[in-house]
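Residues are numbered in my numbering as their position in the sequence shown, beginning at 1, plus a constant of 1085. Heads up: the structure comes next, in structure tokens.
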Amino acid sequence: MFFRICLAASTVAFLLAPGTALADVGSGLIGNTVELTGPQGTTKIYYPDRNRIIVRAPDGKETRGWWRVKGKSICTKMAKTPESCTDPISEPPKAGSAGVFTGGDGDLKWSVTKGKGF
């Protein structure tokens, strides 16, 4: 459940970054790690290539999943869960991007770092 919440919240959080749209909203994720820190701990999502993700939960467990770009949205999918897509993104996330998503369960800080962060 935490994976689904974090993956959905992370993709929504990217919407908060102002800027202009680029042709491919996912290109800045390839080879980089998104770190999500919230009330339940820190989750890291590594994007090794155009299709796969590796997720490390706060307890250290790693799970593999998939991602894709659909128009101006980033969609993620973990085994046995439905695909989750962002609303259209105005500025693609890339290494150095960061922000805070405020939701009902508290703040979720996100940042993108270069390379595999775990």
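Ideal placement from N, C-alpha and C gives every residue a C-beta, glycine not left out.
Query                                                                                                                                                           : Result
With contact counted as at least three CB pairs below 8 Å, one residue from each stretch, are the stretch 1158 to 1176 and the stretch 1184 to 1192 in contact? : no
Return the first residue and the last residue of the beta strand (DSSP E) that aspartate 1192 is part of.                                                       : 1191 to 1199
Measure how close the beta-carbons of valine 1154 and valine 1110 come, nearest whole angstrom, since I'm counting them as under 8 Å.                           : 6 Å
Exposed or buried, which one is proline 1177 when buried takes at least 16 other CB atoms within 10 Å?                                                          : buried
Identify the continuous beta strand (DSSP E) that holds arginine 1135 and give its terminal residues.                                                           : No beta strand (DSSP E) holds arginine 1135; DSSP gives it neither H nor E.
Kindly indicate the opening and closing residues of the beta strand (DSSP E) around glutamate 1120.                                                             : 1117 to 1123
Assuming alanine 1142 is part of the beta strand (DSSP E), what are its boundary residues?                                                                      : Premise fails: alanine 1142 is in no beta strand (DSSP E) and is neither H nor E.
Given a cut-off of 8 Å on the beta-carbon distance, is the pair threonine 1118 and threonine 1198 in contact?                                                   : yes
Quick one: Cα of lysine 1164 to Cα of arginine 1137, how far?                                                                                                   : As written in the sequence, residue 1164 is alanine, which differs from the lysine given in the question. Whole-angstrom Cα-Cα distance: 12 Å.
Could you tell me the distance, in whole angstroms, from the CA atom of proline 1143 to the CA atom of phenylalanine 1203?                                      : 12 Å
Taking Cβ to Cβ, would you say tryptophan 1152 is nearer than 8 Å to tyrosine 1131?                                                                             : no
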